[in-house]
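Protein chains in written order, with my numbering: chain A, 2 to 116; chain B, 127 to 237. Note sheet for the following structure.
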Amino acid sequence: AQKITQTQPGMFVQEKEAVTLDCTYDTSDQSYGLFWYKQPSSGEMIFLIYQGSYDEQNATEGRYSLNFQKARKSANLVISASQLGDSAMYFCAAGGSSNTGKLIFGQGTTLQVKP
Amino acid sequence: NAGVTQTPKFRILKIGQSMTLQCTQDMNHNYMYWYRQDPGMGLKLIYYSVGAGITDKGEVPNGYNVSRSTTEDFPLRLELAAPSQTSVYFCASKGFRGKGFFGQGTRLTVV
């Protein structure tokens, strides 16, 4: 069965510093995607970054990068130069690319950026 | 370019009532999903579909039903509503690769 683990319920970071949010996954699928979403207090789900399991390069989207270590089954999100607007809940998800299409989310990490 | 549209945005149900949450996407995505999110928690997969006519149970399917008669629509049916179904419900869709698109969510309260 698929399982996503985010071990940091809450994180603090100083404005303008970098922060890493951890995510490990467990899947038996050969092909899968790895995703990070941001959920601000307003509640909407905002897509941040995607990595395919066969992509050799780590994905980057502006200040977001995904540190993909396939052998360790880890997909950590790195946010560089944190901004106050980055304060939100962050969710890691995996799946959605195999024949099954199943897409499972982790329990989330709350990030607070301090001025 | 509507993306994923969920209706209604808010609903209050009485215990034992039934309702259908509607979800429509206009991106011709094969994969569609229903999640529920309890306060302060992550998203739990209720049901998902990999194409018209194909649906499968997720992590928490009890008390819900779905159908997928077209590529665009993926309604979620709640039968005999219970207080435990009070939650925020999200519908999402995606293509084979790349990001998933989410609807704005439905806040459901069962009293």
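Where is the CB? At the ideal position from N, CA and C, for every residue including glycine.
Near-chain A residues of the region 168–181 of chain B (beta-carbon distance less than 7 angstroms), N- to C-terminal order: Listed by position, the residues of the region 168–181 of chain B near chain A (Cβ gap below 7 angstroms) are G168, L169, L171, Y174 and V176.
Minimum C-alpha distance to H155(B) - residue among A218(B), Q211(B), T181(B) and V236(B): By 1-based counting over the second sequence, the position of residue 155(B) is 29. Taking H155(B) as reference, the option from A218(B), Q211(B), T181(B) and V236(B) with the minimal CA-CA separation is A218(B).
Where Q211(B) sits in the DSSP three-state scheme: Counting from 1 along the second sequence, the entry for residue 211(B) is found at position 85. Residue state for Q211(B) is assigned as helix, using DSSP reduced to three classes.
Would you say the region 90–101 of chain A touches the region 7–26 of chain A, given that touching needs at least three Cβ pairs under 8 angstroms? Flag = yes, the region 90–101 of chain A and the region 7–26 of chain A touch.
Simplified DSSP state of G168(B), which is helix, strand or coil: Locating residue 168(B) in the second sequence gives position 42, counting from the first residue. Three-state result, G168(B): coil.
Contacts of K154(A) in chain B (Cβ-Cβ under 9 angstroms): Given that chain A is displayed from residue 2 to residue 116, the structure contains no residue 154(A) and the question cannot be resolved.
Positions along the region 140–160 of chain B whose CB lies within less than 8 angstroms of some CB in chain A: Taking 8 angstroms as the Cβ-Cβ cut-off against chain A, the residues of the region 140–160 of chain B that qualify are N156, Y157 and Y159.
When you compare the CB of Y55(A) with every CB in chain B, is at least one pair closer than 8 angstroms? As a position in the first sequence, residue 55(A) is number 54, starting the count at 1. For Y55(A), the answer is no, since every Cβ of chain B falls outside 8 angstroms of its Cβ.
Could you say if the region 176–195 of chain B and the region 8–21 of chain A meet the contact criterion of at least three C-beta pairs nearer than 8 angstroms? Contact between the region 176–195 of chain B and the region 8–21 of chain A is absent: fewer than three C-beta pairs spanning the two stretches fall below 8 angstroms.
Taking Cβ-Cβ distances shorter than 8 angstroms, what residues in chain B pair up with L104(A)? Here residue 104(A) refers to the residue found at position 103 of the first sequence. The contacting residues are Y157, Y159, L171, Y174, A218, K220 and G226.
What are the start and end residues of each continuous beta strand (DSSP E) run of 3 or more residues lying completely inside the region 136–211 of chain B, in chain order? The qualifying runs are 136–139, 145–151, 157–163, 169–177, 180–183, 190–192 and 202–204.
Using a cut-off of 8 angstroms between C-beta atoms, extract the partners of S98(A) located in chain B. Against the first sequence, residue 98(A) aligns to sequence position 97. F222 and R223, listed in chain order.
Kindly indicate which three-state DSSP category G226(B) falls into: helix, strand or coil? On the second sequence, residue 226(B) is found 100 positions in, with the first residue counted as 1. If DSSP states are grouped into helix, strand and coil, G226(B) belongs with the strands.
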